[in-house]
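Trainee:
Protein chains: 2
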Amino acid sequence: MTDFSATKSMFDLPEGLVYLDGNSLGPLPRAASDRMARVMQEEWGKLLISGWNKAGWMAQPMRTGDRIARLIGAEPGHVVIGDTLSIKVYQALAAALDMRPDRRVILSDSGNFPSDLYMAEGLVAALDRGLELRVVAPEAVESALTDEVAVMMLTQVDYRTGRMHDMARLTEKAHETGALALWDLAHSAGAVPVDLSGAQVDFAVGCTYKFLNGGPGAPAFIYVAPRHADTARPALSGWLGHAAPFAFEPAYRPGTGIERMRVGTPPVLALAALEAALDIWDRVDMADLRARAITLAERFIAAIEPACPMLTLASPRDPAQRGSQVSFHFEHGFEAMQACIAHGVVGDFRAPDIMRFGITPLYLDEADIDRAAQVIRQVMQDRLWDDPAYRIRDKVT
Amino acid sequence: MTDFSATKSMFDLPEGLVYLDGNSLGPLPRAASDRMARVMQEEWGKLLISGWNKAGWMAQPMRTGDRIARLIGAEPGHVVIGDTLSIKVYQALAAALDMRPDRRVILSDSGNFPSDLYMAEGLVAALDRGLELRVVAPEAVESALTDEVAVMMLTQVDYRTGRMHDMARLTEKAHETGALALWDLAHSAGAVPVDLSGAQVDFAVGCTYKFLNGGPGAPAFIYVAPRHADTARPALSGWLGHAAPFAFEPAYRPGTGIERMRVGTPPVLALAALEAALDIWDRVDMADLRARAITLAERFIAAIEPACPMLTLASPRDPAQRGSQVSFHFEHGFEAMQACIAHGVVGDFRAPDIMRFGITPLYLDEADIDRAAQVIRQVMQDRLWDDPAYRIRDKVT
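Residue numbers (the UniProt record's numbering), protein chains in the order written: chain A, 1 to 397; chain B, 1 to 397.
1. Using only alpha-carbon positions, find the residue among Ile354/B, Ala179/B and Ala336/B that is nearest to alanine 389/B.
2. So which residues of chain B does serine 33/A contact, with C-beta pairs closer than 7 Å?
3. Go through its chain and collect everything with a Cβ distance to aspartate 184/B's Cβ below 6 Å, but skip five positions before and after it.
4. What's the gap between the Cα of tryptophan 44/A and the Cα of leucine 48/B?
5. How long is the line joining the alpha carbons of proline 266/A and proline 61/A, rounded to whole angstroms?
6. Under 8 Å: do the segment 161–170 of chain A and the segment 320–330 of chain A share three or more Cβ pairs, one atom per stretch?
7. At 7 Å on the CB atoms, spell out the chain A contacts of alanine 235/B, in chain order.
8. Just to confirm before moving on: does the CB-CB distance between valine 268/B and glycine 238/B stay below 8 Å?
9. In three-state DSSP terms, what is glutamate 176/A?
10. With DSSP collapsed to three states, give me the class of arginine 100/A.
11. When you compare only the Cα positions, how much space is there between glutamate 298/A and alanine 189/A?
12. Would you tell me roughly how many angstroms separate the C-alpha atoms of valine 369/A and valine 89/B, rounded to the nearest one?
13. Terminal residues of the continuous beta strand (DSSP E) containing tyrosine 223/B?
14. What separation, rounded to the nearest whole angstrom, lies between the Cα atoms of glycine 65/A and leucine 182/A?
15. With DSSP run on the structure shown, which of helix, strand or coil describes valine 194/A?
16. Leucine 274/B and threonine 360/B: beta carbons closer than 8 Å?
17. Just to confirm my understanding: we take serine 24/B, look at its own chain, exclude 5 residues before and 5 after, and list those with CB closer than 6 Å. What are they?
18. Any idea if arginine 350/B is buried or exposed, counting beta-carbon neighbours within 10 angstroms, 16 or more meaning buried?
19. Is lysine 395/A close to chain B, meaning its C-beta is less than 8 Å from at least one C-beta of that chain?
20. Taking C-beta to C-beta, are isoleucine 280/A and threonine 7/A nearer than 8 Å?
21. So, using beta-carbon positions, are histidine 78/B and alanine 229/B closer together than 8 Å?
22. Show which residues of chain B have a CB atom less than 8 Å away from the CB atom of aspartate 348/A.
23. Could you say which of Met152/B, Ser5/B and Asp102/B lies nearest to alanine 92/B if we only look at CA atoms?
24. Tell me which residues share the same chain as asparagine 27/B and place their Cβ nearer than 8 Å to its Cβ, disregarding the 5 neighbours each side in the sequence.
25. Check whether chain B comes within 8 Å of threonine 84/A, counting only Cβ atoms and requiring the distance to be less than that.
26. Buried or exposed: arginine 35/B, going by 16 or more other Cβ atoms within 10 Å of its Cβ?
27. Here's the rule I'm using: 16 or more other beta-carbon atoms within 10 Å means buried, otherwise exposed. How should threonine 256/B be labelled?
28. I'd like to check one pair, glycine 73/A with glycine 215/A: are the Cβ atoms closer than 8 Å?
29. Closest Cβ-Cβ distance between methionine 1/A and chain B: below 8 Å?
30. Decide if the segment 98–112 of chain B is in contact with the segment 127–139 of chain B; the criterion is three or more beta carbon pairs, one per stretch, under 8 Å apart.
31. Taking the alpha-carbon positions, what's the phenylalanine 328/B to valine 346/B distance?
32. Cβ closer than 9 Å: which chain B residues qualify as neighbours of alanine 270/A?
33. Starting from aspartate 279/A, trace the alpha helix (DSSP H) in both directions and tell me its first and last residue.
34. Are there 16 or more other CB atoms within 10 angstroms of the CB of isoleucine 392/B, so buried, or fewer, so exposed?
35. What residues of chain B sit near serine 5/A, judged by a beta carbon separation below 7 Å?
36. If I measure Cβ to Cβ from serine 315/B and keep anything under 6 Å in the same chain, skipping five residues before and after, which residues do I get?
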């Protein structure tokens with residue numbers, strides 16, 4: 001059994017704060033600062049250029065990828081870290097399109113994260129071969145899977161509502177029509193059990209700064225199914241994806257398997273923080289985490305919904321169809337969230353009217369959930385949101 | 001006048017080591033560890049998600065870009081940080097090709113860094129519109145500038161020899177034939193004075209972990225000339241290049257100017273280390289640096305060449321045509337470099353036979369140069385390289 005009181009003690013959270021925004025940026029693992037200091041002083045400072053070999057920096061993206069592989073049901077050796085999620089979406093989508101040259105549609109849904117759609121839009125424009133990005137409602141994806149579809153590109157868990165797609169079923173349907181399946185796990189990795197291998201997913205990507213707690217701007221990851229890994233063509237053919245990067249050959253030769261999805265020099269310092277975060281994940285069983293997340297989320301909903309009639313549940317009521325967040329609609333959601341934050345309960349707001357709360361058992365327990373619910377009830381019942389101070393909008397929320 | 005003894009004291013270099021590999025990975029600035037600890041503990045740890053606004057993380061890539069702009073003669077507000085150099089090459093090349101739809105040749109040279117050529121190769125294959133990557137000898141670039149050339153893509157300073165292209169002259173020639181000029185400043189930024197604005201360069205990219213000392217895997221930068229900045233089309237159209245990233249609009253609208261070349265979430269932790277490195281650069285005048293680098297390089301060559309007849313200068317003899325490194329050909333260069341390293345003088349080796357030494361006045365002085373030359377002379381005169389222990393090859397050198 002995973003010991004969640006032990007994992008909670010491994011995070012450095014400000015006293016008195018209930019942090020329900022780990023679905024946007026995970027908190028600081030206590031060990032991360034020391035780990036970073038060691039990498040900077042002992043490795044960069046003392047080893048200098050020899051750190052690439054002696055400290056294993058060059059192997060970091062694969063080594064770290066393997067630790068994430070376990071959390072998302074990927075085969076060992078088939079996940080690599082690097083770049084940002086948007087870049088990884090582009091790589092995976094370009095490789096998938098290349099495998100379906102006779103098909104012209106990228107199918108996605110309106111619940112996908114906008115950057116995924118933007119990257120696809122850019123790729124469609126660049127390739128200039130009559131491709132179409134077709135965006136349908138989340139519930140219409142299955143019926144939109146026609147034999148025109150080259151790639152079904154979806155984010156498993158909706159960033160606003162937490163609505164979760166059935167990855168296995170949709171992947172199977174996509175395959176039946178001859179399409180490839182590309183899944184974005186931004187709100188899945190470290191949030192819900194994922195079984196990429198079992199679902200026979202073709203490509204997957206995700207970020208590490210949300211539920212995985214890798215730090216602000218932590219790098220992304222990419223997975224290519226073993227059956228495609230040695231044939232997928234890298235559109236972003238950088239030197240570290242070359243079969244022999246340090247031979248400095250004039251022409252590109254893709255590396256073996258997932259290594260060809262590497263592009264440039266690995267972000268060594270960022271990876272140090274991520275590795276400290278993954279030390280905590282190594283202690284976690286995803287089934288335990290999921291069970292506990294559902295318990296906490298149900299407790300949260302039950303403590304808020306009856307007491308706050310102005311809040312409408314935006315997330316699926318069935319926990320099996322929900323990722324690890326709870327969202328409510330509220331017309332004055334922005335102001336209400338500011339009021340919650342001012343009272344020590346941090347969630348966030350997504351336009352036009354969504355208040356989001358991340359449920360992260362690694363560092364949240366029943367007492368946190370109860371305290372958060374109490375503050376939210378107070379904000380709503382006492383109309384604390386109706387204070388002009390809470391109307392000032394930051395750029396990022 | 002730049003005070004180079006002051007800048008030297010701002011680096012944490014191992015006692016007894018002469019580090020001549022700052023052209024590959026710059027050393028640790030003393031202030032970087034504290035800066036990183038502060039960002040991790042005070043910003044990530046305490047501000048959590050609000051760090052994006054309160055600690056200015058979202059503005060970091062532009063703020064940091066401006067500090068680099070000064071070093072490369074770019075107009076303020078036209079450089080932004082992010083991703084890796086390979087990704088930035090792709091972005092700049094894609095945007096440039098898009099501006100010359102009627103031309104089919106990307107002109108580069110065999111002295112370009114392989115990853116730049118690989119990325120171009122990948123783009124040519126993906127675009128599938130009859131483009132050709134034409135690679136000529138460095139001295140043949142000018143005569144290869146025909147009216148077929150859409151983009152001249154060059155690295156200013158050759159990573160092996162240090163041979164430096166005449167940026168102003170080649171850019172002017174490219175423009176005369178209607179081509180655009182894309183310069184990679186990997187071995188120029190922080191190494192030699194660059195005047196992007198004066199030379200009317202169209203696009204430039206570079207990395208920050210070499211002469212700029214941003215740390216292993218530090219992010220890259222990109223420059224787009226002001227005259228193109230609001231029309232250049234971003235191929236990697238990520239959300240942070242959107243005009244309103246947090247409006248979460250379904251369709252991509254490019255941001256203003258260079259901001260459209262942002263892609264994903266900024267690497268906040270890596271940027272903290274880079275900012276500490278740039279605090280040192282803020283004290284440096286590039287003309288002073290160049291004068292001193294030439295003095296040190298000439299001293300180095302004079303101390304080695306007459307005493308080591310087996311070493312042949314691979315770099316241009318004329319310092320005006322040389323970047324801030326000195327390279328020698330030697331058949332047993334790999335082993336000789338291992339011997340130098342074993343004796344406390346760190347340079348590196350590039351196949352097939354190049355021994356490279358970076359000349360970085362920020363933390364090297366005459367005593368370092370003299371000590372390095374003495375060790376190299378000893379390695380050559382006593383044939384220390386002819387020891388089997390030095391034949392074991394690491395993956396990265």
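Glycine is no exception: its CB is placed at the ideal position from the N, C-alpha and C atoms. Quantities reported herein were computed from a predicted structural model and do not represent experimental measurements.
Mentor: Judging by the given coordinates:
1. Ala336/B
2. Ala37, Met40 and Gln41
3. Asp116, Thr155 and Val205
4. 27 Å
5. 7 Å
6. yes
7. Gly122 and Ala126
8. no
9. helix
10. coil
11. 21 Å
12. A small fix is needed here, since residue 369/A is isoleucine in this sequence, not valine. About 47 Å.
13. 220–224
14. 18 Å
15. coil
16. no
17. Asp348
18. buried
19. For lysine 395/A, the predicted model reports a pLDDT of 49, less than 50, meaning its position is unreliable; a value from the coordinates is still stated below. Taking Cβ atoms only, chain B reaches closer than 8 Å to lysine 395/A, which makes this a yes.
20. yes
21. yes
22. Ile49
23. Met152/B
24. Note that residue 27/B is proline in the sequence shown here, rather than asparagine. So the list reads Phe11, Asp12, Leu13, Tyr19, Asn213 and Tyr363, once near-sequence residues are dropped.
25. yes
26. buried
27. exposed
28. no
29. no
30. yes
31. 14 Å
32. Gly217, Pro267, Val268, Leu269 and Ala270
33. 268–281
34. exposed
35. The premise fails here: serine 5/A is roughly 20 Å from chain B at the closest Cβ pair, so nothing lies under 7 Å.
36. Thr161, Gly162, Arg322, Val326 and Ser327
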